[in-house]
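What follows is one structure encoded as structure tokens, with my remarks underneath.
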Amino acid sequence: MIRLAMILACLWHPAAAQTAELTAQFGPPDAPRTALLRSTTDLAALGPVIEAYVETRQDTRIVYEQWGSNDLYALTARDCRKGRMGADLVISSAVHQIVDLVNEGCAASHASEATATLPPELAWRDQLWGVTREPIVVVYNRDLLAPAEVPRSRFDLLDLLRPAGSRFAGRVATYDIEESGLGFLLAFSDSLEATTFGGLMEAFGRSGAIATCCSAEIIDRVASGEYLVAYNVLGSYALQRARQDPRLAVLAPEDYTLILSRAAMIPAGSAAARVAADLLDYLLSPTGRAMLEAQDLIVHLKEEDTSAIEVFGTVETLERPIGLNPTLLVAMDSDKREIFIRRWRDAFPQPD
Amino acid sequence: MPEAGGVRATLSLKNRVALAVGAVLVLGGALVLIAALAYGRQAAREAFDRLLIGAAADIARTISIRDGVPMVDMPVSAFELLSLAADDRIRYRVVGPDGATLTGDADTPLLAAGPGVESMFYDGTFGDEPARYVAFTRRFAERSFSGPVRVVVGHTLLARRELARDIAQNALIVLGAAGTVMALFAWMVVSRALRPLPRIGETLAVREPTDLTPLSLSAPKEVAAMLTALNAFMVRLDRQNIATDKLITDAAHQMRTPVAAIRVQAQLASIENDTDRRDRIVARIQDRAAGLGRLLDQLLSRAMIIHRADTAPATPLDLRDVAVEIVEKTDDIFVEAGIEVMLDIPDHPVRVRGDALSLVEAGRNLLSNALRHGKPPIRLGVTQGSLVTLWVSDCGDGLPPDTARNAGERFARSGAAGGSGIGLAIVSEVAEGHGGRLAMEHRDGQFVAALELPRFAA
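As they're listed, the protein sequences go chains P and Y.
The first sequence begins at 1 in this note's numbering and counts up one residue at a time.
The second sequence begins at 353 in this note's numbering and counts up one residue at a time.
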């Protein structure tokens, strides 16, 4: 189904900064129009969408680089400061970092019919656009949890962790907010959303919850039964894995569910801004959205029993979209990060 | 067009008003535009400056001292506040007493503040864009930390410009509407005000040529003044017309009898064979012809008086000069009659306002009446009392009272003593023309005919 015209250069340098995790190319190598897309999105998820895009544009080649969110931010910020040509389109799940880049004047403007269809909370200054729609979910192991134990909300999770000697102790995992920009954003959004988060962090710390870096790793270990529950997992990854692995169950917390739209921007130094804008318009077009939905990058929560994500409660009242606006700059503030991370460390003592 | 005569139509009043109102609106519009832009900019600046200081104060409030180090627990509310300027980029910086940046963008410009300055606004840039900043100072006096911590918050100017433009635009819309209404009202008022003019024109155009009655129309004050002048003009014209009619009627009436008499005498003369009687008839014809000549003189003189009453300008003059001129002009007839006229005038000038020629004519008539009908001694005098009087006295019987009462009416004395009565009519008309009257009385065996005129106060 997917014509693999991509040359995979699977380079794994998890420790070394400033190197793409993965690189791929879509479209004919000699195409007159080339754009470099840097994204935190897994190549496996976004690849087919890009593939579909270049099939409709025979003269366009897209070079795809997959980055960690903090590296991507650092690289793009450096390109901007030095006025260097870098990526032509940047898509990151750490949307606060993209808001910061746009705020620093690192983005080029683009307005089109497609961008006009976005609701105001998913666009800023004609320079930043929310291209996906991914609920932040709880993943649990269906085989190892009794239906009564399923943590439908954060309160349920707190209750599971509370008893001394709970079997959940040490078997609940979440993102490490220091390593992952997305993890920090989600924890920060949680802290704004409800006071539950303070209690939850405290419970995580007391029960020896695991803070780790990567979606794939977390989900794998839930599947294997090492972890019972994973908290604050990006819905797109969770869903893709859950479709292949019947042990995995995905649910949208019923007290509230954060909805993240990955932010796209065209860097001001882009050499192929028109190609980037065209690709962006495609992603925002009905065809592009349908492709994204097929890749679980656009997810609409549904209350039906058959839906891939379990929803308890009313969709309208539980969804909390993360607005792409300058209030996210607070998440970039160094003092704020320090205060936040200090609390985090108090909860998750460093392993060494 | 012969009817148009010397009338030259210049730019219409409506167009003049339209031009004036247009000029006022354009000039006023330009001024208001400038003012509106300035006001809009000022209002936008004040509104968003308040936003900035609100955010800065909000941030300053969250600064706390931990282990001797100020920490900023950056409030989301400050950024929500700043997000009211929806598309503007935001920059902030918190600076400790030593000038070190505690948090935020170290490139954010910061001006040195004087002592005691709590907050100050200043313009700067953010990248390539102009920006506005506020520096807000919070002073700490803790055991572990003391000194001022300054919070700088700034943003770009997109929202300010948009608000300023909105305000100016709204002001202009209001101005435009007001201008349109003003122009409309001006047009309506002028149209209404000028409506009487064509109406007067039409009324005059459809009039019979002989109709000189005053126009009776209501009109605005300015137009009414013109209408009044027009009516006065028509009254004078009418009076002249009547006078002319009178003159023609008088002349025809007065001359019919003497001309008929002359014709009869001439007929008698032609058939009279007796030389003596024919000579007598011829002498009578001569008398009659001379009388007719005098009558014509008087008719013409009267016509002149009436004409002058409406046309000759009244000038200040000395009535004594008038008296002297009267005596000079009547000198010949008195010399012929062998009678002397005594002049009785005061030493000081007697001032009146009037037409010298008409007054001389009136005096001549009084004097010749006295000569013809009165008895010497005849005196001509000028006196000044509450009224100014030009009088003639003689020692005759004067006029019978009822004739005197009718003096001034035409033909009052026609026939009887050979006079036509036109003389007194002239005097009477001159008196009225000068705002006075003709007075006649018997006093100490004398008959006095006097022209009483109002005094002229210089």
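Just so it is clear, CB atoms sit at the ideal spot from N, CA and C, and this is done for glycine as well.
Since we're looking at a predicted model, the values are computed, not measured.
- Judged by DSSP secondary structure, residue 462/Y falls outside any beta strand (DSSP E); it is assigned neither H nor E.
- Residue 327/P has a beta carbon lying within less than 8 Å of a beta carbon in chain Y.
- Interface criterion met: the Cβ of residue 125/P is under 8 Å from a Cβ in chain Y.
- Per DSSP, residue 656/Y has no beta bridge partner at all.
- By the Cβ criterion, the region 129-142 of chain P is in contact with the region 229-238 of chain P, since at least three pairs of Cβ atoms, one from each stretch, lie closer than 8 Å.
- Under a criterion of Cβ atoms nearer than 7 Å, the residues of chain P adjacent to residue 431/Y are, in order, 326, 327, 329 and 330.
- Contact annotation: the region 668-687 of chain Y touches the region 700-714 of chain Y, with at least three C-beta pairs closer than 8 Å.
- Contact annotation for residue 455/Y against chain P: 333, 334 and 335 [CB-CB distance below 7 Å, chain order].
- Taking 3 residues as the minimum length, the beta strand (DSSP E) runs contained wholly in the region 104-151 of chain P are 128-130 and 134-141, in order along the chain.
- Under the Cβ distance rule, residue 386/Y does not count among the residues neighbouring chain P, no pair being separated by less than 8 Å.
- In this structure, residue 280/P places its C-beta atom within 8 Å of the C-beta atom of residue 110/P.
- Contacts with chain P at 8 Å (Cβ-Cβ) do not include residue 405/Y.
- One alpha carbon belongs to residue 300/P, the other to residue 239/P, and they sit about 12 Å apart.
- According to DSSP, residue 803/Y shares a beta bridge with 742/Y and 790/Y.
- Within chain Y, the residues whose beta carbon sits less than 7 Å from that of residue 103/P are 441 and 442, listed in sequence order.
- The beta carbon of residue 381/Y lies closer than 7 Å to those of 527 and 531 in the same chain, with the five residues before and after it left out.
- Judged by pairs of C-beta atoms under 8 Å, the region 563-572 of chain Y does not touch the region 396-404 of chain Y, as fewer than three such pairs exist.
- For residue 192/P, the chain Y residues whose Cβ falls inside 8 Å of its Cβ are 428, in order along the chain.
- Chain Y has a Cβ within less than 8 Å of the Cβ of residue 339/P.
- With the criterion set as a beta carbon lying under 8 Å from some beta carbon of chain P, the region 517-548 of chain Y has no members that meet it.
- The Cβ neighbour count for residue 481/Y, taken over all protein chains shown within 10 Å, is under 16; the residue is labelled exposed.
- Pairwise C-beta distances place the region 578-588 of chain Y out of contact with the region 645-660 of chain Y, as fewer than three of them are shorter than 8 Å.
- For the 8 Å CB-CB criterion, residue 517/Y and residue 478/Y do not form a contact.
- Along the region 494-520 of chain Y, none of the residues has a CB nearer than 8 Å to a CB of chain P.
- Residue environment analysis places residue 746/Y among the buried positions, since at least 16 neighbouring C-beta atoms fall within 10 angstroms of its C-beta.
- Inside the region 233-275 of chain P, DSSP marks whole alpha helix (DSSP H) runs of 4 or more residues at positions 235-244, from first to last along the chain.
- Between residue 37/P and residue 64/P, the gap from beta carbon to beta carbon is short of 8 Å.
- For the region 475-533 of chain Y, the continuous beta strand (DSSP E) assignments of 3+ residues that do not extend past its boundaries occur at 481-493 and 498-508, in sequence order.
- Its Cα nearest to that of residue 432/Y, the residue 411/Y stands out among 565/Y, 411/Y, 523/Y and 424/Y.
- A direct Cα-Cα distance of roughly 54 Å separates residue 48/P from residue 525/Y.
- Secondary structure note for residue 92/P: its beta strand (DSSP E) is the uninterrupted segment 89-92.
- For residue 608/Y, the closest alpha carbon among the candidates 633/Y, 631/Y, 585/Y and 640/Y is that of 640/Y.
- The count of Cβ pairs closer than 8 Å, one atom from the region 416-428 of chain Y and one from the region 482-500 of chain Y, reaches three, so the stretches are in contact.
- Using beta-carbon distances, residue 472/Y does not count as an interface residue toward chain P, since no partner is under 8 Å.
- According to the DSSP assignment, residue 223/P belongs to no beta strand (DSSP E) but to the alpha helix (DSSP H) extending over 215-224.
- Excluding residues up to 5 positions away in sequence, 510 lie with their Cβ nearer than 6 Å to the Cβ of residue 439/Y in the same chain.
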